[in-house]
Structures are given as structure tokens and as C-alpha cells.
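Structure, as C-alpha cells:
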Amino acid sequence: MKTTHVAAFGLTFLFGAVGSTETLDEYGDIEQTVARISHVAGEVSIARAESPDEWQAIELNVPVTLGDRMFVEPKSRVELEVGGRLWLRLGARSDLTVLDLREQSKQLSLKSGTLSVQLGSLEVGESVEVDTPNAAFELEQGGDYRIEVDDDGNSVLGVRKGRALVTAGGRQLSVDAGHRIELAGEDAAYDISRLGPMDGWDRWVAARIARLEGRLSRAFAVDDVEGLRDLDDYGRWDDEPEYGRVWVPAVEVGWVPFRYGRWLWQQPWGWTWVSHEPWGWAPYHYGRWVFASSRWCWIPTGRHERRTHYRPAIVGFVWGEGFVAWFPLGPLDPFYPWWGHHRHEPRQNHAFAHRHHVSVVSRTTFESGGRVHESQIQDVERVREASLAPVLGGRVPIDPTELALRLSERPVRARPAAVSSRSVVVRREPPAAPAPFRTKNDQLRDRLGESVQPSDVESPATPPKAIRVRPATPDLDLSPRGQADEDVPPKAKQERPRRSTSSESPARDRAIDENVEERRPVRSAEDREPITKPTLRQVPPKQKVPMAVEPSRSPRVKTAPKLRLSPIPRLGSEAEGKEKAPVILPPPAPPYPPPPVLPQSVPPKKAKKKGSGK
């Protein structure tokens, strides 16, 4: 019988108490987290930060992080899940880059296409920002948002639920639920109107949201675990007397965790497990495994915990001459991180729960990211040697090859050059992108074969492409399209650059039509309700940030009058005596209607046989 001390230790270690010394030491200086590819339909490609010039087909359960960029082909869609509270859904012709993915700061760049954001909630100090070629949108509340960018770089924001802060042209304003705003050109001339009826894209998003709600798995683990809601479709929840509520996958006899997938190299964690099982995210990056009642069971992170942390895999590593091996960790097994500068002394005489369930592959298979199940070593003596080898207390002494960066061998199309060259407007300066793999490999050769860890490679002081800062000029004002502005001199208004509006851009309509089943009804000028000019609040100068993953290019030189850069007043610091114009917006549109109830099919009546008297 376990003593009280051992039992308490097991619960604390298993559920990962927030703020524990182990968790803080484990993460060290790593601030970024990951997004999970939770749904793919059609052709979607990704250029990873490790190899920014190489596009490859994306797969389910691939982790996406800082510096990664995705492109969605026509008639295709993809869904990403971040922390169990944020879902990103991209439609056709969408170009999205991850600028920041820290727990308290999510920042994305949308250069083209359609992005729907489902935000469950926002914690104190947390921010979610989406940047486009002519505006930055900060989501201020949990809700449902839709952002579109057409072929000319014009932006549209629709707020079905929640509230967003729009920054463009050196000014900002809020857009409440039930409204949409269209911004044209760099001068940010805009129209605000009520949301129209849901189209085909909105209905698909609503169906995905409805699918996530009411999942049984949400009741048994902490909410910020990605992939938790998929478990209902691939197993069942059961009770184990010693461990409580566990999830039991529907697998064949002889199945073992961490055997059906491959090892991928991803900065800054290094070796990362990518499962080929559709449910293979939450059980491999959170919680622990136990073999009980003649079956494998996954023990999740408990609901009483405030937050849990992502791990690239929860295994113990061993290695020997010509082979690498690993095994799943049990509830009381210590976890030794293999990234950063961690050097742990393994516990003496600790009996790991699943040493006899070790998976063994050759060093060549491991370093090249080969499929484990197809190439595992079956030799009894080698497996026995691996099961008795000491557990590594730090980094895995195997350096990756470029094959370990590959996600798929399927060919992909070339990306549109016009879209790739766009820069975006930001409110917050994003962190620097990680160094490419080739840079790390050069340092590896310089150190005469010594293994280079992600933290050993110094991040560049600035992103690969310099941030261009353009101060807010006096002739730029966020004003309604076609509305006179008495504060702007006539000359300035004549010199203001104009971009084609959404009604003048058939290219934008074609891009959006790829995602919908029917066109939105066109609203004429007479149908729109009169809207007064909203109160504008000054913000720091907007910044143009080219994507870190793009090839370097010379910045465009623009002729502009010399300006004396002085701090711009913060929000609410407008000159005294100048009365603020109130914001008068139309009443909000109704929220998402519930998905339609499909009629039950009625089986056809059987035809009577000829000659039958019945």
C-alpha cells in the first residue's frame, strides 16, 4: 500500500501544479507555444521557420509555431487550435504567418484570403492581434470574428460576437458585435454597416463550433489542452480505481503509445513527436499513460489545475551504439527535458513503469524523421539492451538531418509572388523569428561535431527583414469613405492616395467566392443607415512589418515630407475644448442561429411480390 507521501507526490507530479519549480526550470527561456493543425481539407502548404524558402504539404497534428507560414489553395480549408480557447479557420487563397504565439500574446499576419477567429475568452493582460496590409485588428473580447483581405490588400472585419479595436491610418476605433467595417487603401477610408445573413463560409464555421460544444471530454481535463474534444470519436472514458477517470483509445491488440508516428525537429524544443493517429495530440503532449486492466489508458491533466504546459513528447529516452529508443512515462515517472541547457541527474534505482514497452529504431531512422512503425527494430537482444540502458537526463545526442524537417513528400504549388511581397500593419512589434536550420547547421560544423541545441543559437537582434516605421502624417485620417473632413485642408485631401473599394474590385469577390456557397446580397447606398463619424483616438505610429520568413529584398523608397517625430498622445489625450463626436452605429445583427435540424430519413417501403395475397 502506498504511503500518503508517495500518493501526494504522484498527484502533484501528474497534474503538473502551476508554478511548480519543475515546470519553470523545464521551460527556461522558452516563451513560445504551439498551435495544432486540427482539420485539413484540400491542399494546404506550410513554410516552416526552420526552412522558410521550402514549401511542403501540411498534415494533421503538425505543431505550428513562431515564424511558420501557411497558404491555402482554392477550394481548400484548414483549422488550427491554440490552447483549447482559440480556433483559427482559413479559407481558400489565405496566406497566414505566425508572428507571436506566447501564452499572453497571440499575433498573426493575414496577407490574403479569409480568416475566422473563434476566441473563447481573454485573460487579464492577454492579447490577440491580426495584422493585414492596411489595418491591425485587436480582439478585445471572446467572440466570433471574420477577417478578409482581397487581391488589392483591402481589409474587411466582421464581428458576429465580441468587440474589436481597429488601428489604421494612425487612428483607431472600436467595432461592436453585429457590425462589419471595410477599409480601402493605405489611407484607411472605411464603411461601417450591419452584418448581413450568414453565407456558406459562416455556416461551415458555425457547424465546426457546434461540433466542439458539448463534447464529453471537456468534463475530464483542463480546457486549455488542444485536441481534447477529438477523443470522444476515437475511444471511451472509463474509471480506474487507482487513477480515477481515464481515456481508453480504440486500438488493436499489441498497440503501444509513441509507436505510430515519427520524430520531427522543431525549434526551440528539438525532437518533437508527430502522431499519425487522428486523435494523436492531447495524449502525446499532455498527461501520462498507464497500462491497467490489460489495456492502455491515458490520464489527463486534471480540471482543478488552472493551466497546463505543452511538451514535445512525454517519454523517457535511451540510446546505445547504433540505436535510439524511448518509452511512455507513467504517472510517477520523472520527466527529463531534452532541450535548452537542461542537465539532470536521473534518479538512482527508479523503476520506470513502462521500460519493457520500449520502441527502438536505428540512428539513421531517427535522425531523418522516418516512420517508426515501419522501421522499428524487432531484434530481441537489441530491444532487451534498450530496455536496460540508462535513461538520458538531458539532451538526446542525435543531431537532425534536413529530412527531419520534412512534413510530407507530396508536391505543392508555387505561392503567388504578389501576395508574398506584401507587408502588414502592426500595433505591437513582434519578436524575432528563429534562425533557419542551415544557420544552425553551419554552427554545428564550426563546433567540430558538437551537438547544437536551439538555445545555443543566438537569435538575430532584428528579424531577417527590417521593420519599417512610418509615422502618422497629418493628411492621413481614418474617416468614412466619401465623407468630408473639415480638419483636413483641401490640398491634403486631394493628395490623399486612393485605393479601389470592395465594390470596385472583382478580384476580391472572386477570392471570397472560393469560400462561400452563395454571394452576399449587395447593399446599395440607399439601404445603408446613416453613420456619423466615430470618435478617433490617436495611437503610436503604425509600423510596416514584412514577414520574417520571406527572402530579403530592398525596401521600397517613398518620397515623403520631412517630419519631426514627436511622441503621439496616448488614447484619450485629445486637446481640451474639442468636443468628441459620438459613435452612432446601427443596431447589432442577431448571433449565430443554431444549425438546422436535418430530417430523419424514412426507409423506402418494400414492394409487394406479385401473386402475394398479403
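This note's numbering puts the first residue of the sequence shown at 39, with every later residue one more than the last. The beta-carbon is built from N, C-alpha and C at its ideal position, and this holds for glycine as well.
- The DSSP-derived three-state label of S147 is strand.
- Here K113 is exposed. Its C-beta has fewer than 16 other C-beta atoms within 10 Å.
- Contact between W376 and V312 is ruled out by a C-beta separation of about 16 Å, above the 8 Å threshold.
- The closest CA to that of A363, considering only R333, A427, A245 and R140, is found on A427.
- Taking 8 Å as the cut-off, the beta carbon of V110 is found closer than this to the beta carbon of V116.
- Around the Cβ of E359, a 10 Å sphere holds fewer than 16 other Cβ atoms; the residue is exposed.
- Restricting attention to beta strand (DSSP E) runs no shorter than 3 residues, the stretch 451 to 476 encloses them at 461 to 464, ordered along the chain.
- Judged by beta-carbon spacing, D270 lies beyond the 8 Å limit of P316, meaning their Cβ atoms are not closer than that value.
- DSSP places A248 in the helix class (H, G or I) of the three-state scheme.
- Within its own chain, the residues whose Cβ lies closer than 6 Å to the Cβ of V82, once the five positions on either side in sequence are excluded, are I96, V110, S114 and V116, listed in chain order.
- For Q414 and R420, the gap between their C-alpha atoms comes out near 11 Å.
- The bridge partners DSSP lists for M108 are I84 and L134.
- V166 sits buried, since 16 or more C-beta atoms from the chains shown fall within 10 Å of its C-beta.
- Nearest to G208 by alpha-carbon distance, out of N387, N172, V328 and R349, is N172.
- With respect to the C-alpha of G105, the residue from G121, E88, G196 and D190 having the closest C-alpha is E88.
- With a cutoff of 8 Å on beta-carbon distance, P384 and V429 are scored as near each other.
- With contacts defined by Cβ atoms closer than 8 Å, P287 and Y298 do not form a contacting pair.
- Under DSSP, the beta-bridge partners assigned to D214 are R201.
- Assignment of beta strand (DSSP E) within the stretch 303 to 335, counting only whole runs of 3 or more residues, yields 308 to 313 and 326 to 330 in chain order.
- In chain order, W275, R283, W285, P338 and R341 place their CB closer than 8 Å to the CB of F258, counting only its own chain and leaving out the 5 sequence neighbours on each side.
- It is roughly 45 Å from the alpha-carbon of A226 to the alpha-carbon of H314.
- Cβ neighbours of W334 within its own chain (closer than 8 Å, five residues either side excluded): V286, P287, V289, W293, V294, P295, W327 and V328.
- Around the beta-carbon of D277, fewer than 16 other beta-carbon atoms lie within 10 Å, marking it exposed.
- Of the candidates S446, S459, P468 and V462, the residue whose Cα lies closest to the Cα of W93 is S446.
- DSSP, reduced to helix, strand and coil, places W242 within a helical segment of the structure shown.
- The C-beta of L441 has fewer than 16 other C-beta atoms within 10 Å across all chains shown, which makes the residue exposed.
- Rounded to whole angstroms, V194 and V464 show a C-alpha spacing of 16 Å.
- Under DSSP, the beta-bridge partners assigned to Q70 are R140.
- DSSP links V362 through a beta bridge to W357 and V399.
- Note on S461: 16 or more other CB atoms within 10 angstroms of its CB, so buried under the neighbour-count rule.
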